[in-house]
Amino acid sequence: MAAVNSQRVPLIAGNWKMNLDHLQAIAFVQKLAWSLKDARHDFDGVQVAVFPPFTDLRSVQTLIAADKLPLQYGAQDVSQHDSGAYTGEVAGSFLKALHCDYVIIGHSERRQYHGETDEIVGAKTAAAIKNSVTPIICVGETAEDLEQHGPSAVPVAQLRTALAVAGKATDVVVAYEPVWAIGSGQAATPEQAEQVCAALRAVVAEALGDEVAAATRILYGGSVKSSNIAGFMRQPNVDGALVGGASLDVTEFTSIARFKQHVGV
Ligand code: 13P
1 MAAVNSQRVP LIAGNWKMNL DHLQAIAFVQ KLAWSLKDAR HDFDGVQVAV FPPFTDLRSV
61 QTLIAADKLP LQYGAQDVSQ HDSGAYTGEV AGSFLKALHC DYVIIGHSER RQYHGETDEI
121 VGAKTAAAIK NSVTPIICVG ETAEDLEQHG PSAVPVAQLR TALAVAGKAT DVVVAYEPVW
181 AIGSGQAATP EQAEQVCAAL RAVVAEALGD EVAAATRILY GGSVKSSNIA GFMRQPNVDG
241 ALVGGASLDV TEFTSIARFK QHVGV
């Protein structure tokens, strides 16, 4: 298992949600890059990405390109449509034009507040792939799902449908975010995360083949902090984290990205 894991570069991704305007984003990204460089972070060994609101993306792109910062970035959503009369939506081709590395798709907050179904998540995944932007497909169960169906059933079904709708893909990231763990301070245990992430890797294998599954990064998200990241990263099927609240604190996010330096890793 360790040999398989070594082909996947860990990804620490900061989902800012609806926080930080474009001016705050510039200051934040500058500080983050300094903080990581100061700590001699190995950016090839652990990739670090930020996910600001749409209105910040052009500023973040320009800063990262101008200062050649070794950070990645992406958007928090994408339209399933190519273009046209879809007020308020943002096309995958626009994200490509901003050189976004990734786009988060199907976050539980999009599913909850914007009615995104697994089919829509699949269509958005296809839109990202078509535009060479790597989708980060989010799945996860609610507390009721957990009680009724156990830990893996709902996330497995969500991913299976999304990948079936999306079609052929070679470059995807999956994020397992139990809804009950998001913003609650109540993270899953590393063992719980490993169990579901292993099941999700099996779904990727079933849909896209063993080779793609072995290369696909599966992230854990939900109340990740510097004090618990190492436990998750020790698991063979957890390849990084999707961080919400703690990604808005430069010191804390830097420490999460530096998990390899934590004791016992
Ligand atoms: P928290 O880290 O704040 O729990 O949020 C997780 C999340 O939703 C990341 O996408």
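Note that our numbering has the sequence shown beginning at 1, numbered continuously upward.
Heads up, the beta-carbon is just placed ideally off N, CA and C, and yes, glycines get one too.
Treat the numbers as computed from the prediction; the structure is a model and nothing was measured.
query = Below 8 angstroms between beta carbons: does that hold for P178 and F232?
reply = no
Excluding the five sequence neighbours on either side, which residues of its own chain have a C-beta within less than 8 angstroms of the C-beta of T254, listed in chain order?
-> L32, S35, L36, A39 and H41
inquiry  = Quick check: is any heavy atom of ligand 1 less than 7 angstroms from the C-beta of H114?
reply    = no
Handout entry: Shell residues, 6 angstroms Cβ cut-off relative to heavy atoms of ligand 1
Key = N15, H107, E177, I182, G183, G221, G222, S223, V224, L242, V243, G244, G245 and A246
**Prompt:** Are P151 and I105 close, meaning C-beta to C-beta below 8 angstroms?
**Reply:** no
> Nearest CA to the CA of A188: which residue from A66, T216 and G140?
Replying inline: G140
Practice problem: Report the partner residues of C267 according to the DSSP bridge assignment. | Solution: No information on residue 267 is available, as it lies outside the stretch 1 to 265 that the chain covers here.
query: Do N15 and F51 have their CB atoms nearer than 8 angstroms?
result: yes
### Task
Label D56 either buried or exposed according to how many other C-beta atoms from any shown protein chain fall within 10 Å of its C-beta, with 16 as the threshold for buried.
buried
Exercise. Using the rule of at least 16 other Cβ atoms within 10 Å of the residue's Cβ for burial, across every protein chain shown, is R201 buried or exposed?
Worked result: buried
Next on the checklist: Between the alpha carbons of S59 and F28, how many angstroms are there, rounded?
Outcome noted: 12 angstroms
*So, helix, strand or coil for Q47, using DSSP?*
strand
Please return the same chain residues whose Cβ sits closer than 6 angstroms to the Cβ of N5, not counting the five positions on each side in sequence. At N5, the pLDDT of 49 sits below 50, so the modelled position is not reliable; the number obtained from the coordinates is stated separately. Correct list, in chain order: P236.
Original post:
If you draw a straight line from the alpha carbon of Q192 to that of I137, how long is it in whole angstroms?
Top reply: 19 angstroms
query = Can you give, in chain order, each stretch of the beta strand (DSSP E) that sits fully within the stretch 82-148 and has at least 3 residues?
reply = 102-105 and 134-139
Within this structure, are the beta carbons of Q272 and K130 separated by less than 8 angstroms? Any question about residue 272 goes unanswered here, given that the chain covers just 1 to 265.
- Using alpha carbons as the reference points, say which of A91, W180, E119 and Q186 lies closest to R160. E119
Practice task
Can you grab the Cα-Cα spacing for the pair V103 / Q261, in whole Å?
Solution key: 28 angstroms
Inset, instruction - Flag this pair as yes or no: are the beta carbons of S226 and I182 separated by less than 8 angstroms? - result: no
Check whether G74 and A127 have beta carbons under 8 angstroms apart: no
Which of helix, strand or coil does DSSP assign to V78?
coil
Check your understanding: Do V224 and A199 come within 8 angstroms of each other at the CB atom, strictly closer than that value?
Key -> no
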